[in-house]
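This note's numbering applies: residue 78 is where the sequence shown begins, and numbers increase by one.
Structure first, then comments.
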Amino acid sequence: MGIDKSNVRWVVHYNMPKNIEGYYQEIGRAGRDGLTSHALLFHSYADVIQLQNFASGATNEAVQIAKLDRMKQFAESTTCRRKILLSYFGELLGGNCGNCDVCKNPPQFFDGTVIAQKILSAVYRLQEKEAMGMIIDVLRGSQNAAVLAKGYQNVRTFGIGNDIAWKHWQHFVIQLINQGFCEIAFHKNNALQLTEFSNNVLFKGAKVALTKPLVITEIKPVIKEKRTRTKRSKTTKTRTKTKTKVVADSLFERLRRLRYKIAQEEDIPAYLVFSDATLKEIEKERPLSDDDFLRISGVGQRKLEVYGDEFMAEIMNFMGSKPKKVKKGDTYIKTYNLYKSGLSIDEIAMQRKLGTTTVYSHIAKLYSMGKEINLYDFVSKSDVEAVRKAKKALGSPKALRAYFDYFNESIDYFKIRLALSIIEKD
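This is the structure:
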């Protein structure tokens, strides 16, 4: 998985990996930005059989089989999966994680001794020659051609489990295999065979605890009258539309759309503009000044210069507000007072512990607000005219990056910002 992205939300395995090391590395691609992500594993015994065959004859066959067994145990475990993963790598987790499927849907145990006896009896009466599918077909009394061809309709266990669904029998058989009461003979067409513990269940009264299959039930509302159904349908549809609209109009979604647009324009992956985690923090904090924007995790001086204006403008549009007016004691006033005292940009930056680019952005802001500042002390008239021409040629873009690229990086960001402040006030 050559994925170098921080905002992967899902890692889905459509079959069982051959070992826990590989599985752990692959699911580790999810949620590197710290946001909620999911790992989903689909698996079956067909995967185990296939991987067993792949490992057969390898120089390190025993090691591969042992690792596959651990992977199988993890996939079929009824205890916290995070605990299993960490213990495999020598770490211990005090309590359960509370996030895995086992923690969220704890298995329900019951006395499955009778079910176990039926399964083991069927294995015995079919002379330990048949695979899981045939065992279940016999238990359920299936009349398929394979069963009838071998005369299995005549064995005593035929049909004794027709009250249990096929997939539920499969669930129980796998548990017996995991508990060691029977095993798969991979070298004999995957036939189920008894073990030394089977007799304890069949003849010595040993109890077997099994877990109930997870049943997913689709709840359908009972509708008595056609009129009621129509009314409810309309209400549901209206609510769905409203919810969809709220999500689509959320600040986070608007920031995502802006990020996508910028990424398309710059021909880069969206996460290189800002990660989802950064957008979430922007949504929460709603920064409207350079100083506040720089406090967002994932925003540096460079990204502030390139993307800050566009994202802050989007926040203002979302909030339906205009830029805040500078009040006495505000960060801009502090910069202005130091400027009026005769300090240079570098000296102001040092005293205020800010980047020089941030100070320049303050100066540009103060100029736009009507403060007495001569921006030509920091940007030449020729640069201002060049930016004026670029603005017209580019169609007045909001992002400074467009101007920066237009000039092939020959004019600094802060000079572009200052020039635009002059042009906008002309």
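For each residue, glycine too, the CB sits at the ideal point set by N, CA and C.
Just the C-alpha distance for residue i and residue j, rounded to the nearest angstrom, thanks.
i: residue 484; j: residue 339; result: 18 Å
i: residue 135; j: residue 143; result: 13 Å
i: residue 123; j: residue 353; result: 38 Å
i: residue 505; j: residue 290; result: Residue 505 is absent from the model: the chain starts at 78 and stops at 503.
i: residue 234; j: residue 120; result: 29 Å
i: residue 343; j: residue 379; result: 15 Å
i: residue 198; j: residue 269; result: 11 Å
i: residue 482; j: residue 444; result: 25 Å
i: residue 285; j: residue 350; result: 57 Å
i: residue 172; j: residue 435; result: 47 Å
i: residue 477; j: residue 388; result: 12 Å
i: residue 277; j: residue 106; result: 45 Å
i: residue 367; j: residue 335; result: 18 Å
i: residue 446; j: residue 501; result: 11 Å
i: residue 226; j: residue 189; result: 31 Å
i: residue 191; j: residue 355; result: 56 Å
i: residue 110; j: residue 372; result: 17 Å
i: residue 211; j: residue 275; result: 19 Å
i: residue 266; j: residue 150; result: 22 Å
i: residue 470; j: residue 108; result: 42 Å
i: residue 176; j: residue 360; result: 26 Å
i: residue 487; j: residue 382; result: 15 Å
i: residue 321; j: residue 102; result: The pLDDT assigned to residue 321 is 46, lower than 50, so where the model puts this residue is not dependable; a value taken from the coordinates is nonetheless given after this. Going by the C-alpha atoms only, they are around 35 Å apart.
Tell me whether residue i sits in a helix, a strand or coil according to DSSP, three-state version.
i: residue 98; result: helix
i: residue 256; result: helix
i: residue 428; result: helix
i: residue 88; result: strand
i: residue 249; result: helix
i: residue 261; result: strand
i: residue 517; result: With the chain running from 78 to 503 in the structure shown, residue 517 is simply not present.
i: residue 81; result: coil
i: residue 286; result: strand
i: residue 242; result: coil
i: residue 220; result: coil
i: residue 495; result: helix
i: residue 135; result: coil
i: residue 185; result: coil
i: residue 378; result: helix
i: residue 347; result: helix
i: residue 116; result: strand
Please go through the same chain and pick out, in chain order, the residues whose beta-carbon is closer than 7 Å to the beta-carbon of residue i, but skip the five residues on each side of it.
i: residue 395; result: 328, 331
i: residue 153; result: 251, 255
i: residue 91; result: 119
i: residue 499; result: 452, 461
i: residue 215; result: 199, 203, 224, 229, 232, 234, 235
i: residue 524; result: Residue 524 is absent from the model: the chain starts at 78 and stops at 503.
i: residue 505; result: Because the chain in this structure spans residues 78 to 503, residue 505 falls outside the shown range and cannot be described.
i: residue 503; result: none
i: residue 491; result: 434, 437
i: residue 180; result: 157, 173, 174
i: residue 465; result: 500
Starting from the C-beta of residue i, find all residues in its chain whose C-beta is less than 6 Å away, skip the five residues before and the five after it, and write them out in chain order.
i: residue 480; result: 467, 493
i: residue 201; result: none
i: residue 432; result: 378
i: residue 160; result: 170
i: residue 104; result: 88, 116
i: residue 186; result: 286, 288
Using 10 angstroms around the beta-carbon of residue i, count the other beta-carbons present and answer buried if the total reaches 16, otherwise exposed.
i: residue 183; result: exposed
i: residue 155; result: exposed
i: residue 113; result: exposed
i: residue 249; result: buried
i: residue 346; result: exposed
i: residue 497; result: buried
i: residue 370; result: buried
i: residue 463; result: buried
i: residue 219; result: buried
i: residue 280; result: exposed
i: residue 80; result: exposed
i: residue 168; result: exposed
i: residue 100; result: buried
i: residue 458; result: exposed
i: residue 140; result: exposed
Apart from the five residues on each side of it in sequence, which residues of its chain come closer than 8 Å, Cβ to Cβ, to residue i?
i: residue 145; result: 95, 96, 125, 128, 129, 132
i: residue 415; result: 424, 425, 428, 429
i: residue 357; result: 112, 329
i: residue 440; result: 412, 416, 422, 450, 452, 455, 495
i: residue 509; result: For the chain, the structure presents residues 78 to 503; residue 509 sits outside this window and is missing.
i: residue 217; result: 236, 238, 239, 241, 243, 246
Compare the beta carbon distance of residue i and residue j with 8 Å and say whether it is the shorter of the two.
i: residue 384; j: residue 83; result: no
i: residue 116; j: residue 85; result: no
i: residue 386; j: residue 244; result: no
i: residue 410; j: residue 363; result: no
i: residue 209; j: residue 148; result: no
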